[in-house]
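Reading through the structure tokens given below for one structure.
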Amino acid sequence: MLSDQSMTERQRVLYDQVNASESLDLNQEQIGDAGARAIAEALKVNKTLTSLNLGWNQIGSDGAQEIAEALKVNTTLTKLYLESNEIANAGALAIAEALKVNRTLTELYLRDTRIGGAGAQAIAEALRVNTKLTLLDLEVNQIGDTGAQAFAEALKVNTTLSWLLLWQNQIGDAGALAIAEALEGNTMLEYLFLEANQITDVGAQAIAEAPKVNTRLEILYLEVNQIGDTGAQAIADALKVNTTLTSLTLQGNCIGNVGVQAIDEARNVNDTIEVSIDGQMHPLSFSLLPRSASAEDIQSVFRLLISGLQLQDQSASLPALPIEIAERIMDEAYYWQGVQHTNRDCDDEDDDPNRILKVTVPRSITGDSIRVKAIHVLRERLGATTSNVFEIIVRDEQGAVRYEYAAKPTFVDGTIELVTSWPQSHSIVRQMREGWEASVRPSRLSKDVRFAWLYVGYCAFNENQ
208 MLSDQSMTER
218 QRVLYDQVNA
228 SESLDLNQEQ
238 IGDAGARAIA
248 EALKVNKTLT
258 SLNLGWNQIG
268 SDGAQEIAEA
278 LKVNTTLTKL
288 YLESNEIANA
298 GALAIAEALK
308 VNRTLTELYL
318 RDTRIGGAGA
328 QAIAEALRVN
338 TKLTLLDLEV
348 NQIGDTGAQA
358 FAEALKVNTT
368 LSWLLLWQNQ
378 IGDAGALAIA
388 EALEGNTMLE
398 YLFLEANQIT
408 DVGAQAIAEA
418 PKVNTRLEIL
428 YLEVNQIGDT
438 GAQAIADALK
448 VNTTLTSLTL
458 QGNCIGNVGV
468 QAIDEARNVN
478 DTIEVSIDGQ
488 MHPLSFSLLP
498 RSASAEDIQS
508 VFRLLISGLQ
518 LQDQSASLPA
528 LPIEIAERIM
538 DEAYYWQGVQ
548 HTNRDCDDED
558 DDPNRILKVT
568 VPRSITGDSI
578 RVKAIHVLRE
588 RLGATTSNVF
598 EIIVRDEQGA
608 VRYEYAAKPT
618 FVDGTIELVT
628 SWPQSHSIVR
638 QMREGWEASV
648 RPSRLSKDVR
658 FAWLYVGYCA
668 FNENQ
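This note's numbering puts the first residue of the sequence shown at 208, with every later residue one more than the last.
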């Protein structure tokens, strides 16, 4: 416990600010874990604060755990913003435990906090018993299908959540199918954001079944996925009978004339819904994107290798591999960690931190070192490209800029431009290790950029080999 005597001057200021406020915005104040600890102590005794913004504050899992402990006893806070911190799964697990007993928090913002499947599973489990939370923002994390499936199970029993924001979370068809099934019986969720995931026609067809029976959902965002004509036609059929959806976004998919026509016909039948379907993505963009992998994906493959693989016909199985061989296979594998940006608002400022593409190199599951093999950036413009450069920045684990360079596109096709930086041409790529960050400055013509992606390819290796 942090005592009055042990507080630094900075901690005392933060402690007093909490206790003197009803609503407190400490966004981008470099609070860190030490500051979070002081804030947590204040929250344990505070009786006035209802809204607290701690976004962009370099708070790690330790700081998140301190705040989570405070949430277990705090009885006034209703809104908590923790976006763009480094909470990770450890912090998410602590927050989940707090949600099981907290009786006042209604809105929780965990956007861009490095939460993966394990953290999402813990939070989803808490939602099964929590009866106060109405909004949960987990955008720009890596919960994957594992996390999406966990939230689907929670939605089957939760009776209070009305907003669920899962934009850019590496959710594929398996996660979409689970959520679709949950929506058929859920009677509370009104706003569901699933943009910038990896949902194809298969997932879209499943989701389309939900609005046929769900009478609560009002807003559904599916932009920037991988939905084609088949998925669009299934959604169109649902719109003809649904009477509650008021807004549906489908921009940035790969829907052609057939799908657009089906949606138009549905709007002629149902004129109460607003559908955004313009600005479809060039099919070539999909083929140029690597398949990203979450930490949970990698761990699952590793466990399969050491436990043995059951073949599909169930008549035979492959032998389990010794751990040292499985580790060697994982060392040689090539993974991609990625993030993407969708130009939702052409009036966005170029220095908006949410517009900056950035990827942090993760830790190895085997404890080995990480070696970065490539930095991959793709942009799709509204009009034909003039081959503008990509401004790439590399920072170390302390956030210090180690290298900046302007990379010319290595591939240009109409509105699409791509660059891949290899160690052979940029030695900084070879120097990158876990905790380092690659980022891309918004283009000087960023208002002309419709979609942008940044991926970092890496592998694990044993330095003693």
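Every residue gets a Cβ at the ideal spot worked out from N, C-alpha and C, and that includes glycine.
Can you give me the Cβ contacts of residue i inside the same chain, cut-off strictly under 6 Å, excluding the 5 residues immediately before and after it?
| i | result |
| --- | --- |
| Leu372 | Asp344, Glu346, Phe400 |
| Asp558 | Because the pLDDT at Asp558 is just 48, under 50, the model does not fix this residue reliably, and the value given afterwards should be weighed accordingly. Excluding residues within five positions, none has a Cβ falling inside 6 Å. |
| Val364 | Arg335 |
| Leu585 | Leu495, Leu625, Trp660 |
| Asp269 | Asp240 |
| Trp374 | Glu346, Phe400, Glu402, Ala403 |
| Ile426 | Tyr398, Ser454 |
Taking the C-alpha atoms as reference points, what is the distance between residue i and residue j?
| i | j | result |
| --- | --- | --- |
| Val566 | Lys615 | 20 Å |
| Ile470 | Gln405 | 21 Å |
| Glu451 | Thr422 | In the sequence under discussion, the amino acid at residue 451 is Thr, which differs from the Glu named in the question. Whole-angstrom Cα-Cα distance: 6 Å. |
| Ser210 | Asn226 | 15 Å |
| Thr617 | Gly459 | 23 Å |
| Pro630 | Pro490 | 29 Å |
| Pro649 | Leu528 | 45 Å |
| Ala415 | Asp444 | 8 Å |
| Gly642 | Gly435 | 37 Å |
| Glu248 | Gly463 | 56 Å |
| Glu229 | Val579 | 46 Å |
| Phe493 | Leu261 | 36 Å |
| Leu315 | Pro526 | 45 Å |
| Met639 | Ile582 | 11 Å |
| Lys307 | Val467 | 44 Å |
| Thr456 | Gly486 | 11 Å |
| Glu216 | Asp232 | 19 Å |
| Thr676 | Gln272 | Given that the chain is displayed from residue 208 to residue 672, the structure contains no residue 676 and the question cannot be resolved. |
In the structure shown, what three-state DSSP assignment does residue i receive?
| i | result |
| --- | --- |
| Ser228 | coil |
| Leu496 | coil |
| Leu334 | helix |
| Val471 | The question names Val, but residue 471 is Asp in the sequence shown. Looking at Asp471 - three-state DSSP - the assignment turns out to be helix. |
| Thr622 | coil |
| Glu346 | coil |
| Glu273 | helix |
| Val280 | coil |
| Ala445 | helix |
| Glu402 | coil |
| Thr567 | strand |
| Ser268 | helix |
| Gly466 | helix |
| Val596 | coil |
| Leu221 | helix |
My understanding is that residue i touches residue j, with C-beta atoms under 8 Å, so please give their C-beta distance in whole angstroms.
| i | j | result |
| --- | --- | --- |
| Ser323 | Glu293 | Per the sequence presented here, residue 323 reads as Gly, with Ser not at that position. The Cβ separation is near 13 Å, so there is no contact. |
| Leu384 | Leu424 | With 8 Å as the limit, Leu384 and Leu424 do not qualify as a contact, their Cβ atoms being about 16 Å apart. |
| Ala473 | Leu429 | Going by Cβ atoms, the distance from Ala473 to Leu429 rounds to 15 Å, so no, they are not a contact pair. |
| Trp370 | Leu342 | 4 Å |
| Ile274 | Ile246 | 7 Å |
| Ala325 | Asn281 | So it is not a contact: roughly 25 Å between Cβ atoms. |
| Leu289 | Leu317 | 6 Å |
| Arg310 | Lys286 | Not a contact, Cβ separation roughly 15 Å. |
| Ala329 | Leu300 | 5 Å |
| Ala378 | Ala359 | Ala is not the amino acid found at residue 378; the sequence shown has Ile there. Wrong, their Cβ atoms sit about 11 Å apart, outside the cutoff. |
For residue i, count the other beta carbons within 10 Å of its own beta carbon; 16 or more makes it buried, fewer makes it exposed. Which is it?
| i | result |
| --- | --- |
| Glu304 | buried |
| Met208 | exposed |
| Gly354 | buried |
| Ser628 | buried |
| Ser213 | exposed |
| Ile480 | buried |
| Ile532 | exposed |
| Thr622 | buried |
| Thr255 | exposed |
| Ile530 | exposed |
| Pro569 | buried |
| Glu178 | Nothing can be reported for residue 178, as the shown portion of the chain is limited to 208 through 672. |
| Val476 | exposed |
| Arg510 | exposed |
| Glu611 | exposed |
| Ala613 | exposed |
| Asp223 | exposed |
| Gly298 | buried |
Please go through the same chain and pick out, in chain order, the residues whose beta-carbon is closer than 8 Å to the beta-carbon of residue i, but skip the five residues on each side of it.
| i | result |
| --- | --- |
| Asp655 | Arg588, Leu589, Gly590 |
| Glu236 | Gly242, Asn264 |
| Thr313 | Thr285, Lys286, Lys339, Leu340, Thr341, Leu342 |
| Pro560 | Because Pro560 sits at a pLDDT of 49, beneath the cut-off of 50, its placement in the model cannot be relied upon, and the point is left open. |
Confirm the yes/no value for this check: CB of residue i, any heavy atom of the ligand FMN, distance under 8 Å.
| i | result |
| --- | --- |
| Ile582 | With respect to the ligand FMN, the structure shown offers nothing to examine, as it has no ligands at all. |
Between which residues of its own chain and residue i is the CB-CB distance below 7 Å, once the five residues before and five after are set aside?
| i | result |
| --- | --- |
| Arg609 | Val601, Arg602, Asp603, Ile635 |
| Asp380 | Ile406, Thr407, Val409, Gly410 |
| Val448 | Lys419 |
| Ser632 | none |
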